[in-house]
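In the working numbering, the protein residues as written are 430 to 516.
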């Protein structure tokens, strides 16, 4: 969203310190921990495959489009979907 002029820069990810966008991933992980886990293995396998697909798709699409990536966020080969997959 920060790529667009209408989005205020004060809400962008912070280089140093904490900004509003820095709370998204931890809040998502925290809320996922509060919900009881479904013990069905097939459901978990489907969920993991979806996250793997989204993570790899995002990585390959950013590389193929030569879209600018912020290396201090997750690095150049990692993203939020892969973090969720392995968490």
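By construction, the Cβ of each residue, glycine as well, lies at the ideal position given by its N, Cα and C atoms.
- Under the DSSP assignment, residue 487 falls in the alpha helix (DSSP H) whose first and last residues are 470-494.
- Counting the other Cβ atoms within 10 Å of the Cβ of residue 508 gives 16 or more, which makes it buried.
- Linking residue 471 to residue 477 through their CA atoms gives a straight-line distance of about 10 Å.
- A straight-line Cα-Cα distance of about 19 Å links residue 495 and residue 510.
- Just measuring C-alpha positions, the residue of 452, 435 and 458 sitting nearest residue 512 is 458.
- Taken through DSSP and simplified to helix, strand or coil, residue 461 comes out as helix.
- Rounded to the nearest whole angstrom, the C-alpha separation of residue 438 and residue 453 is 16 Å.
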